[in-house]
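Sequential numbering of the sequence shown, starting at 704, is according to our numbering. Beta carbons: idealized from backbone N, C-alpha and C, even for Gly.
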Amino acid sequence: MITRSASPPGSPAPTRGRLPTFLVIGAMKAGTTSLYHYLRTHPEIFMPAVKEPMFFDPRHNWHRGVEWYAGLFAGARPEHVALGEASTSYTKFPAVEGVPARIASVLPDVRLIYVLRHPIERMRSHYLYAVSRGKERRPIERALLEDRSYLDISRYALQLERYLEHFDLDRFLLLDSRDLAERRLETLRAVFRFLGVDESWVPPVLDREFFRSAERRMPPLPSRLLRRAPALAAAARALPASLRRLARRLPRPRVDLDAARIPEDLRRRLEDELREDVARLRRYLPEGFDGWGIG
704 MITRSASPPG SPAPTRGRLP TFLVIGAMKA GTTSLYHYLR THPEIFMPAV
754 KEPMFFDPRH NWHRGVEWYA GLFAGARPEH VALGEASTSY TKFPAVEGVP
804 ARIASVLPDV RLIYVLRHPI ERMRSHYLYA VSRGKERRPI ERALLEDRSY
854 LDISRYALQL ERYLEHFDLD RFLLLDSRDL AERRLETLRA VFRFLGVDES
904 WVPPVLDREF FRSAERRMPP LPSRLLRRAP ALAAAARALP ASLRRLARRL
954 PRPRVDLDAA RIPEDLRRRL EDELREDVAR LRRYLPEGFD GWGIG
């Protein structure tokens, strides 16, 4: 039986401002940035300039309260039928816990969009992103096995089932990232239909893809050092703005894509770990779903 949870501890007070009617909850590195940009062009959809407010993530903005969250949507006009945001940290259980309960306590009637990508390719892209941000230095073989978050975020059934404790399945639109790449307009029309807006709209940026992580560059060395030395970072913030801008213009080396290839033995091991989750995911997807050849 699907139940609505009581408000979790520390729930923000109600607000009279407009709140989202839909959320793009993930997955990280599955195409959510492109989807966000396509949706923002629709005249009946409002999404804030900040793609990922991460309000329902307790590590970030939950403590700010619903009034703060509603303020992100204060620019919505009467013609905006659907309001939404796209925070991928909403599907990072168990690293981030309690998100579905928080969403249900504030947005009980929200619609939820979940973009799914080949789980292992998503992990590789996630790894490249972490390297490009200076947050990952281990070889890919070690990183994907030692840090469970790479695997957990690709366990789509695990993430989805946390939500199904609070929301019926008909509140979800599950998208295959391949459809967003290969049948973009048809897929976006399905999204528009799901959100109750004019599905004939063609985004003017339809032919663009946004922020392909494999093309990102590593941050300059000073930025990487600052992330690892909080005291040094505080001193850097005191520097004149002109010097900080100069540091940002330093050349950035490309991420070594060859070093981020997943060896076949590691790929087989990851497939074995993902197989049961992919089999469970089939319950929630149409019969034609191929399981990415995993399960």
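Could you spell out where the beta strand (DSSP E) holding residue i opens and where it closes?
i: residue 879; result: 875 to 879
i: residue 785; result: 785 to 789
Please report how far the alpha carbon of residue i lies from the alpha carbon of residue j, in whole angstroms.
i: residue 781; j: residue 982; result: 43 angstroms
i: residue 748; j: residue 906; result: 12 angstroms
i: residue 971; j: residue 823; result: 10 angstroms
i: residue 769; j: residue 762; result: 16 angstroms
i: residue 978; j: residue 988; result: 15 angstroms
i: residue 727; j: residue 786; result: 11 angstroms
i: residue 985; j: residue 852; result: 22 angstroms
i: residue 871; j: residue 941; result: 50 angstroms
i: residue 832; j: residue 838; result: 9 angstroms
i: residue 804; j: residue 849; result: 29 angstroms
i: residue 1012; j: residue 759; result: With the chain represented from 704 up to 998, any question about residue 1012 goes unanswered, as that position is not in the structure.
i: residue 778; j: residue 720; result: 11 angstroms
i: residue 973; j: residue 733; result: 18 angstroms
i: residue 890; j: residue 969; result: 33 angstroms
i: residue 814; j: residue 767; result: 23 angstroms
i: residue 812; j: residue 967; result: 44 angstroms
i: residue 963; j: residue 901; result: 42 angstroms
i: residue 997; j: residue 990; result: 15 angstroms
i: residue 707; j: residue 743; result: With a pLDDT of 33 at residue 707, under the threshold of 50, the predicted position of this residue should be treated as unreliable, though the coordinate-derived value follows. In a straight line, the C-alpha of residue 707 is about 30 angstroms away from that of residue 743.
i: residue 755; j: residue 911; result: 20 angstroms
i: residue 992; j: residue 883; result: 15 angstroms
Helix, strand or coil: how does DSSP classify residue i here?
i: residue 733; result: coil
i: residue 908; result: coil
i: residue 891; result: helix
i: residue 973; result: helix
i: residue 898; result: helix
i: residue 840; result: coil
i: residue 823; result: helix
i: residue 753; result: coil
i: residue 921; result: The pLDDT assigned to residue 921 is 49, lower than 50, so where the model puts this residue is not dependable, and the model offers no usable value.
i: residue 983; result: helix
i: residue 997; result: coil
i: residue 726; result: strand
i: residue 748; result: strand
i: residue 828; result: helix
Our contact map puts residue i next to residue j with C-beta atoms below 8 angstroms; I'd like the distance itself, whole angstroms only.
i: residue 909; j: residue 793; result: No, residue 909 and residue 793 are not in contact; Cβ-Cβ is about 26 angstroms, not under 8 angstroms.
i: residue 745; j: residue 895; result: 7 angstroms
i: residue 818; j: residue 880; result: 6 angstroms
i: residue 913; j: residue 724; result: Not quite, the Cβ-Cβ distance comes to about 23 angstroms (not below 8 angstroms), so this is no contact.
i: residue 722; j: residue 773; result: 6 angstroms
i: residue 854; j: residue 826; result: 7 angstroms
i: residue 980; j: residue 859; result: 7 angstroms
i: residue 830; j: residue 807; result: Not a contact, Cβ separation roughly 32 angstroms.
i: residue 820; j: residue 730; result: 6 angstroms
In the DSSP assignment, find the alpha helix (DSSP H) that holds residue i and state where it starts and stops.
i: residue 817; result: Premise fails: residue 817 lies in the beta strand (DSSP E), 814 to 819, not in any alpha helix (DSSP H).
i: residue 774; result: 769 to 774
i: residue 852; result: 851 to 856
i: residue 800; result: No alpha helix (DSSP H) contains residue 800, which DSSP labels as neither H nor E.
i: residue 866; result: 859 to 866
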